[in-house]
Structures are given as structure tokens and as C-alpha cells.
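Q: I have a structure here, written as C-alpha cells, and I will follow up with some questions on it.
In the numbering used here, the protein residues as written are 3 to 287.
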């Protein structure tokens, strides 16, 4: 199943995304007598995602068609206030040979971002006055579906609600001044594109085969396969759960195939095979 948050006037509401359009959860509640939350984060936190998917998979196609809004959806971020946004860096090897050279005891570079960085599809990344070299990176984001602590990699798929596209932005010149400035460089407002569509694990045969691309002004600048990750998604979840309790809706940015320098007027995208692309334009304060 695919889920998003669409804008309905001043409101932002959860919907199922189909080829024919979107099915608002509030419309399902009204028509089917359900009482599901109508915000994506609340759906995940309440454990309702699996129930909604089961209803959707079993629903009569004519009934789904009657509930579908075929108008073009304007997407908001999936949600705006996860408890945690965690990112890792330097996760992709160029190829399998480089991947095999990763030391067995290696651990990922990590950082956290505040939720005030979050923006949605087509919203603007705003380059701060303090930065003359800002970079953007396309990433697969892992969304946690269940509270968990000390899960192992073999169990991790069971606590993942789904995956989405993300764009991690950094003030690279601030970071280059001193590695200790990484958190500040990552934390400016608008520095995390998030969404638009959550893809549940049942939609993906093998996540390792997916290609992630950083796209600048319509041209692919960097591309790699998740199979070349030093730390694949389930390993990342297990690693972080050994450090902290992971909560429903927590987001882990899994690394990038490569960064691009962005300037006023640019358009940067995250493209992942089979996912709705995430696009953000760029402006300066």
C-alpha cells in the first residue's frame, strides 16, 4: 500500500495513493464506519497501518472507485513532527569490490536533525545567509512502525512501517570548518525534504535492488543501488535500536549515492525506483 498526506485547503489529511487518485482516510471512515486516525503519524502510532492495508486489499474495486478522488493531489510532508530524525553518512560503496573492503568492525557516521527541517514535495529549500556552499543528497528514508529496542537485523523488517524518498541538505562550508559543526550544518529550517509517499514493505520485492538517484535540474548527478550500502536498512534499524528506543514514526535517513551543490533557482530531486519522486526547488533567504 502507498500512503501520503494531501492538502485539502488549510487541512492536511492522510490518504491512500492509487493509480486512479487518492482515497482520503476520513472518507473511508465516513463510508465504512471506521474510526481510523486521519493523520499519517497518528495512523502509524496507533498501529492502524496494517488494518488499513488489510481493508484496502480486501475492498471491492467498485467501492474503492467510489471513494477515490481523481483530482491532482497537492502533497504535504508525510508528517511534520517525528520524535526523531536520524541520518547516517558515507553509506554507499562505489561497487561490490569496494563494498567487500569495508572492515567488519566498521560503524556508520551518524547525526540527528530537528523536525523544523522538514518540508514537503515541491516546497522550497532555503539556503541560509551563513552558507555559501550548500549541498543536497537524495536518500531512502526508513520509517519506524513499532516501538522497539535491541532488535536484531533479522527482526528489523517487522518494525518498519515503510520507506519514502528524502532529501538531506547540509551547509557544507560550515561543516568543513570543523567536523564538530555537523549538527549545525544539518539543522537549518527546510533542510529535510520528506515524502511524498510512504511505500509499505509488501510493495517491494527486494529493497536491495532499488536505485537511488540524486537529480539536479532534471539530470541524474549520482546514482547507486541499495545493494551497495555498507549498512543496509534492516542493519541500520538494528544498530540504532541498540542505542535508543525507536518509536513509531521515527525516521532514519539511510545515506546518499552523492551530493550536489545547490543554488538559488535550482530544482533537486530524489528518485527511487517505483516511488513517487520528491522534488524541492531552491531559493536563498
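C-beta atoms are modelled at their ideal positions from N, C-alpha and C, and glycine is treated no differently.
As the structure is a computational prediction, the values presented were derived from the model and not from experiment.
1. Where does residue 115 fall in DSSP's three states?
2. Throw me the rounded Cβ distance for the residue 235 and residue 209 pair, which I believe falls under 8 Å.
3. Per DSSP, what are the beta-bridge partners of residue 196 in this structure?
4. Could you tell me which whole beta strand (DSSP E) segments of length 3 or greater appear in the region 208-246?
5. Can you tell me which of the three DSSP states residue 40 falls into?
6. What did DSSP end up calling residue 47 once you bin it into helix, strand or coil?
7. Would you mind working out which of 181, 67, 80 and 107 sits nearest residue 123, comparing C-alpha positions?
8. Roughly how many angstroms lie between the CA atoms of residue 220 and residue 283, to the nearest whole one?
9. Assuming residue 105 is part of the alpha helix (DSSP H), what are its boundary residues?
10. Quick one, which of 42, 101, 64 and 110 has its alpha-carbon nearest residue 239's?
11. Return the CA-CA distance between residue 92 and residue 184, expressed in angstroms with no decimal places.
12. May I have the straight-line CA-CA distance separating residue 114 from residue 86, to the nearest angstrom?
13. Under 6 Å Cβ to Cβ from residue 199, same chain only, skipping five residues before and after it: list those, please.
14. How big is the Cα-Cα spacing for residue 222 and residue 41?
15. Taking the C-alpha atoms as reference points, what is the distance between residue 214 and residue 106?
16. According to DSSP, residue 88 sits in a beta bridge with which residue or residues?
17. Could you tell me the alpha carbon to alpha carbon distance between residue 270 and residue 201, rounded to whole angstroms?
18. Between residue 179 and residue 232, what straight-line distance do the alpha-carbon atoms span, to the nearest angstrom?
19. Going straight from the alpha carbon of residue 286 to that of residue 193, what length do you get?
20. Closest by CA to residue 83, which one among 230, 148, 120 and 38?
21. Quick check: the Cα distance between residue 288 and residue 160, rounded to an integer number of angstroms?
22. Check each candidate in 243, 8 and 165 and name the one with the smallest Cα separation from residue 74.
A: For this structure:
1. For the purposes of this step, residue 115 is taken as residue 113 along the chain shown, with counting starting at 1. Strand at residue 115.
2. Taking the chain shown and counting its residues from 1, the one referred to as residue 235 is at position 233. Taking the chain shown and counting its residues from 1, the one referred to as residue 209 is at position 207. Residue 235 to residue 209, Cβ: 6 Å. Contact.
3. Residue numbering aside, residue 196 sits at position 194 when the chain shown is read from its first letter. Per the DSSP secondary-structure output, residue 196 pairs in a beta bridge with 168.
4. Considered as a whole, the region 208-246 harbours 213-218 and 221-227 as its complete beta strand (DSSP E) runs of no fewer than 3 residues, in chain order.
5. Numbered from its first residue, the chain shown carries residue 40 at position 38. Coil at residue 40, not helix or strand.
6. As a position in the chain shown, residue 47 is number 45, starting the count at 1. The answer is helix: DSSP assigns residue 47 an H, G or I state.
7. By 1-based counting over the chain shown, the position of residue 123 is 121. When each option's Cα is compared against that of residue 123, the closest is 80.
8. Within the chain shown, numbered from 1, the residue matching residue 220 stands at position 218. Within the chain shown, numbered from 1, the residue matching residue 283 stands at position 281. Rounded to the nearest whole angstrom, the C-alpha separation of residue 220 and residue 283 is 12 Å.
9. Indexing the chain shown from 1 puts residue 105 at position 103. Following the DSSP letters along the chain, one finds residue 105 in no alpha helix (DSSP H), marked with neither H nor E.
10. If you number the chain shown from 1, residue 239 lands on position 237. Nearest option by C-alpha distance: 110.
11. What you label residue 92 is simply residue 90 of the chain shown in a count that begins at 1. What you label residue 184 is simply residue 182 of the chain shown in a count that begins at 1. Between residue 92 and residue 184, the C-alpha separation is close to 14 Å.
12. Here residue 114 refers to the residue found at position 112 of the chain shown. Here residue 86 refers to the residue found at position 84 of the chain shown. C-alpha separation (whole angstroms): 8 Å.
13. Sequence index remark: in the chain shown, residue 199 carries index 197 (1-based). Excluding the 5 residues flanking it on each side, residue 199 has same chain C-beta neighbours closer than 6 Å at 4, 6, 19 and 278, in chain order.
14. By one-based count along the chain shown, residue 222 stands at place 220. By one-based count along the chain shown, residue 41 stands at place 39. Roughly 33 Å between the two C-alpha positions.
15. In the chain shown, the residue the question calls residue 214 occupies position 212. In the chain shown, the residue the question calls residue 106 occupies position 104. Rounded to whole angstroms, residue 214 to residue 106 spans 25 Å at the Cα level.
16. Numbered from 1 along the chain shown, position 86 holds the residue referred to as residue 88. In DSSP, residue 88 forms a bridge with 114 and 254.
17. Here residue 270 is taken as the residue at index 268 of the chain shown, counted from 1. Here residue 201 is taken as the residue at index 199 of the chain shown, counted from 1. Residue 270 and residue 201 have their C-alpha atoms spaced approximately 21 Å apart.
18. One-based indexing of the chain shown puts residue 179 at position 177. One-based indexing of the chain shown puts residue 232 at position 230. A straight-line Cα-Cα distance of about 27 Å links residue 179 and residue 232.
19. Walking along the chain shown from the start, residue 286 turns up at place 284. Walking along the chain shown from the start, residue 193 turns up at place 191. Those two C-alpha atoms are separated by around 12 Å.
20. The sequence position of residue 83 within the chain shown is 81, counting from 1. Closest by alpha carbon: 120.
21. Look at the range of the chain in this structure, 3 to 287, and you will see that residue 288 is not part of it.
22. Locating residue 74 in the chain shown gives position 72, counting from the first residue. Of 243, 8 and 165, the residue nearest in Cα terms is 8.
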